Amino acid sequence: MENTARMIGKRTTTAWKNPVSYNLQKKTRPGEALIQAFLFFCGVVSILTTLGIVLELGKEAWLFFGDPEISVWSFLTGTEWQPKIGKFGVLPLLNSTIITSVIAIMVALPFGIATAIFLSEYASPKMRSVLKPILEILAGVPTVVYGYFALTFMTPLLRSLYGSQNVDVYNMASAGLVMGIMILPLISSMSEDALSAVPRSLREAAYGLGATRLETAIQVVVPAALSGIIAAFIIGVSRAIGETMIVAIAAGSGPNFTFNPFNAAETMTGYIARISGGDLSYNTPDYNSIFAIGLLLFLVTLGLNFLSRAISRRFREVYE
Amino acid sequence: MEDMNQSTKYAIETRGLNIFYGDFQAVKDISLQFERNRITAIIGPSGCGKSTVLRAFNRMNDFVPSAHATGEVLYHDQNIYDPSVDAVQLRRLIGMVFQKPNPFPKSIYDNVAWGAKMNGFRGNTDDLVEETLRQAALWDEVKDNLKKSALALSGGQQQRLCIARALAVRPEIILMDEPCSALDPIATLKIEDLMRELSQNYTIIIVTHNMQQAARASDYTSFFTMDTDRSGIMVEYNETSLIFTKPKDQRTEDYITGRFG
Amino acid sequence: MKATDNFSFSLDQGIQSPEKGFHNRRHQRARLAQAAFRLTTLLAVIFLATLLITVLNKSMGYVVLENKVDPFSLSDRPISDLNNTELAQILRENLRKNRVRTLERAGFLEDQPRSTLVQLVNTEIIQPEVVESYNLFPSLINRSKIMADAAVSYPTARVEFRFWLNGAFLTNSMASQPELAGVRSALLGSLQLILITILTAFPIGVGAAIYLEEYASHKSRINRLIQTNIDNLAGVPSIVYGILGLALFVRALHPLTSGALFGVEGQNGRTILSAGLTMALLILPLLIINAQEAIRSVPISLRQASFGLGATRWQTVWHHVLPGAMPGILTGTILAISRAIGETAPLIVVGASTFITSDPAGPFSSFTALPIQIYNWTTRPQPAFQHIAAAAILVLLISLLSLNAVAILLRNRFTKRV
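If you read the sequences in order, they're chains A, B and C. First residue of the first sequence? That's 1 in this note's numbering, and the numbers climb one at a time after it. First residue of the second sequence? That's 1 in this note's numbering, and the numbers climb one at a time after it. First residue of the third sequence? That's 1 in this note's numbering, and the numbers climb one at a time after it.
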């Protein structure tokens, strides 16, 4: 090898054997095109999934509503769900879904937001590093375990508090409360993201006017993050409506049009789980009914997700 | 030295080049000729489109979704913005060194060898790495640590490694986009020395915001500024010594004497 | 101190001085609120602790066991010490002829593994039965009372402390008696199902993420549609995926998922394959979103360097973007997998069986899975099933936690390597 000084800046690299071509005409690269096509296909799978959901649910729901005995109107307004005698009114199931979800949100929303405020405005980094993983674990516990918890802890607790003659073995309150615990980490982490996106300068401005930490948090930071918190709330509702295992285990199996949370009443998701868990024959009204309910569930949660995203997008435009 | 296609006088030449980002015209009507084996500096206030023009020479602007260009950039008698031109091959012939050193998170050896291998290098990789690192005046500093991560090098060494990485694929032109802006004065000096050495065999186009650097290191200088509609225009182009001593345009004089920008 | 006096005087002129104690009350309120916030946050910890304690409490404790047949009436040595010939003899003497014939269909009893014979003697002859079971806390607190009660109510029974999560629980298959039931087939079912899920979801998910981040133009309508669609799919309830799986994989693609196309016979579409594919669709949005974030975190400068050397897009992705994003992608994948392992609702809809005593034999067999087993046992009225449900929950939680530990290890290892 020549000495370094003489090498510096030399263009010819003796190691290169193949000549340089200055022809810049486009090369065809079939491998690249193939890979790109595959990657595009991967992206399209998600669209196909949505199409599959809409088409399959729609098709079977169509069959369900095609039955002359059943109309969309009677489905949406009927207060009795008894497939055996041909009564398909979804209100009992919907009612139970709403009651369990409302109970869940009543637990998850205040505690979730308070936790978020504490984590983002008060907690020391060390405390956060302990609390965040705990919330993550809580969020990662499978829902069937929450169902077990509802049945073996929450229900006995409620029965001993309010009397076992007042509280059914399966009841909406127990399922709703535990569902609230399940949703809490979701709401708190989404709200915390919204709170920490509020610029520091806003807090400093409030402190500079002599506001206390509480006044700053409640009167300045929370209002600034409100749309993010609302988005979290909506996602929480959507999650509660779609949750299956907790209600399937703890809320009862049998449609029941009641407003008493201590009664047993089956939710929409609980019904789907129970019916499809048994041996059912295809193309019976029972079987088709789970698609109709599934479609309703899909449309409601999809609408809520859209709403939440729209709200949080508007919020993002303010601070970025 | 192998037989080079010398049919054009200039290494690269632009004719009426306009570049747009969406509706915004970033540079307007640039016509420039870059001499072979010379260092040409592009100077001007920030936002005047210097980097945009530089990135047009190897079509790095393709990656900005809203960017498009009109006019011609001629390289070996081919307009590189012609739809039939393969930008991938173009970038191999017109290499680039970026503002911040950006070595791959691999070993020093792999940083140099990777681009060559990908461009179909046949030959002894060890020799290639050694030769290239010598060309980039980095060999003596790293020869015992070739397997070490490139990220362990100092900023100046990293930037010279990035130059070596560009040299290894045997380009003809090297574009440098403010290559010293993240470096200390000593590292900057080393890069400038290296540029001088390299210019014997390579055409170098450098964008810099540092006028002293342009004055010290380049043969030709082109001064850009912003038009009233905020798009960049080329004001003056001449030998560096003339630009800095006898600027023809008032705007150039204002800039180099510090009355502007 | 004239100056100070002047200053306070001017302040009083500017703002009306609040009544006495106003600031004290403000600060008191602030302190109270802080305490309240802290307390609510601690609630999360309390919830988690209560949940774990409930499960632990149910997963061990005293049981009162009564044997239908006294083992020492069969042999004067413990059953576990007997050899094959002796065990086979006991079985022949105590079981009905038909049953023995069924058992010998595969070969003579003497030639079967000793562990099988021991299990047969236990389950079919001795038939130990849990007649009473206690949770952990009562077992610790009321030990003497439990013993006394048992002695009075079941004079022939014995009382033992039982960890419901034990070796036999892991190696036994499903059985109709809780004391003999185990999670073996459920664990194997979950494992095979997850394997199928990973094999399908990982390449497609990473591929989609690469497409969206590296190839797709953000202006194009179809790409925006894909992105919005993925974000929305992530919020679709899991049971809806179950219904899709039922309609699509179990029914429409029946020839494929039942294995009929591959010459497997006698299966309906309710197979591990159907369930694995359904799970793959379920975790796909989550996986894609995580992978996108990981890919986005790779600095643009690396891509520029690579393109600047004349690399093609795929070369850039394969050599620089993917290696840089891999730790994040793997962590995200493991998180998605943990979700799949715990999901129950879609499996119910797709048709997991709750009573399977044999090991699943590949993608075209019917199956059960760990969460299905937990669900099934939880909903049984007999208290002993609550105990094995708790034991199964422990198995599930431990596997999830170890999976997360692996994710953290992987992440650390990858980040160190650079």
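We put the CB at the ideal spot given by N, CA and C, even for glycine. The structure displayed is predicted, hence computed values, not measured ones.
Residues are counted here when their Cβ sits less than 8 Å from a Cβ of chain C; for the region 99 to 125 of chain B these are Lys100, Asn102, Pro103, Phe104, Pro105, Trp114, Gly115, Met118, Asn119, given in chain order. The criterion of a C-beta distance shorter than 9 Å is satisfied by Glu129(C) and Lys68(C). The beta carbon of His27(C) sits no closer than 9 Å to any beta carbon of chain B.
By the neighbour-count definition (other C-beta atoms within 10 Å, threshold 16), Val130(A) is an exposed residue. Of all alpha-carbon atoms in Val159(C), Phe307(C), Gly259(C), the one lying nearest the alpha-carbon of Ala87(B) is that of Phe307(C). Counting of Cβ neighbours within 10 angstroms places Thr245(B) among the exposed residues, the total staying below 16. Check the Cα spacing between Gln158(B) and each of Thr228(B), Ala187(B), Val235(B), Arg134(B): the tightest is with Ala187(B). Three or more Cβ pairs closer than 8 Å define a contact, and the region 157 to 176 of chain A falls short of that threshold against the region 212 to 226 of chain A. Between Arg239(A) and Pro237(C), the gap from beta carbon to beta carbon is short of 9 Å. For Thr379(C), there are no neighbours in chain B by C-beta distance under 9 Å, as the nearest C-beta there is about 52 Å away.
Shortest Cα-Cα distance from Ile134(A) to any of Thr115(A), Ile98(A), Val221(A), Phe306(A) involves Thr115(A).
As the crow flies, the alpha-carbon of Ala108(A) is around 10 Å from that of Ser101(A). Val169(B) is the residue among Glu178(B), Thr221(B), Glu72(B), Val169(B) whose C-alpha sits nearest the C-alpha of Leu128(B). DSSP, reduced to helix, strand and coil, places Ser181(B) outside both helices and strands of the structure shown, so it counts as coil. When Asn305(A), Val220(A), Ile35(A), Ser96(A) are compared, the shortest CA-CA separation from Ile230(C) is found for Asn305(A). Taking the Cα of Phe20(B) as reference, the smallest distance to any Cα among Tyr10(B), Val64(B), Ile39(B) is reached at Val64(B). In terms of Cα proximity to Ile348(C), the closest of Ala225(A), Ile272(A), Tyr122(A) is Ile272(A).
Residue pairing by DSSP places Ile42(B) opposite Val207(B), Ser222(B) in a beta bridge.
For Leu93(B), at least one C-beta of chain A is nearer than 9 Å to its own C-beta. DSSP places Ile356(C) outside both helix and strand once states are collapsed to three, so it counts as coil.
If you ignore the 5 residues before and after Ile113(A), its C-beta comes within less than 6 Å of the C-beta of Ser191, all in its own chain and listed in chain order. Against chain B, the beta carbon of Val221(A) has no neighbour under 7 Å; the closest one sits roughly 35 Å away. In this chain, the beta strand (DSSP E) harbouring Ile12(B) covers 10 to 21. Taking 9 Å as the cut-off between beta carbons, the residues of the region 175 to 188 of chain B near chain C are Leu175, in sequence order.
Secondary-structure assignment with DSSP links Glu239(B) through a beta bridge to Tyr220(B). Among the residues facing chain C, Pro45(B) is not included, as its CB has no counterpart in that chain under 9 Å away. Annotated as distal: Ser154(B) and Ile43(B), with beta-carbon spacing of 9 Å or more. The region 31 to 42 of chain B and the region 194 to 213 of chain B touch, with three or more beta-carbon pairs separated by less than 8 Å.
By the Cβ neighbour-count rule, His218(C) is exposed, with fewer than 16 other Cβ atoms within 10 Å of its own. Counting only Cβ-Cβ distances below 9 Å, Ile80(B) has contacts in chain A at Leu24, in chain order. A Cβ-Cβ contact shorter than 9 Å links Phe355(C) with Thr368(C). Interface with chain C (9 Å Cβ-Cβ cutoff): Ala248(A) is included. Under the DSSP assignment, His68(B) falls in the beta strand (DSSP E) whose first and last residues are 67 to 75.
In the assembly as shown, Ala352(C) is a buried residue. Its beta-carbon has 16 or more other beta-carbons within 10 Å. Every alpha helix (DSSP H) of 4 residues or more that sits fully in the region 223 to 307 of chain C is shown, in chain order, as 238 to 245, 254 to 257, 272 to 296.
DSSP, reduced to helix, strand and coil, places Phe22(C) within a helical segment of the structure shown.
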